[in-house]
Amino acid sequence: MAIKVLIVDDAAFMRMLLKDIVTKAGMEVVGEAANGQEAVTKYMELKPDVVTMDITMPVMDGIQAIKEIKKQDPAAKIIVCSAMGQQAMVIEAIQAGAKDFIVKPFQANRVIEAIQKVSRG
1 MAIKVLIVDD AAFMRMLLKD IVTKAGMEVV GEAANGQEAV TKYMELKPDV VTMDITMPVM
61 DGIQAIKEIK KQDPAAKIIV CSAMGQQAMV IEAIQAGAKD FIVKPFQANR VIEAIQKVSR
121 G
């Protein structure tokens, strides 16, 4: 069974990059969202195995979205995507329930490793 991934980032380019990495690794991208609000809705709808969540987004940021998703599904597996220098936000995201983090610019092997590790629990 391929790992089902929901990609959340307000930048279409970043979503495309992640989608490319994830699909090349034999995982399935079940959906994409451009903001936290969309992420929460899509999560409930698609029930992915893992979510990659950007932190800084319009409408609802990644940290709020993590809290909302965890409220609905405490077992949700979320990986935070952050830019360099967002350590405080990464810590906040982990406290909100994220399981791991990956840093932009993405390194394919680190992304795959994080998704596989998190999906196994």
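Sequential numbering of the sequence shown, starting at 1, is according to full-length UniProt numbering.
Note that beta-carbon positions come from the ideal geometry of N, C-alpha and C, so glycine has one too.
Treat the numbers as computed from the prediction; the structure is a model and nothing was measured.
A residue is called buried once 16 or more other Cβ atoms fall within 10 Å of its Cβ, and Gly-121, having fewer, is exposed. Going by DSSP, Val-5 is part of the beta strand (DSSP E) stretching over 4-8. For Phe-13, the uninterrupted alpha helix (DSSP H) segment begins and ends at 12-24. Comparing alpha carbon positions, the residue from Gly-26, Ala-11, Ala-25, Lys-24 closest to Glu-32 is Ala-11. The bridge partners DSSP lists for Gly-62 come to none.
Distance from the CA of Arg-110 to the CA of Ile-91, rounded to the nearest whole angstrom, comes to 19 Å.
By the Cβ test, the stretch 83-100 is not in contact with the stretch 34-44, since fewer than three Cβ pairs between them sit closer than 8 Å. Met-44 sits in a helix when the DSSP states are folded into three classes.
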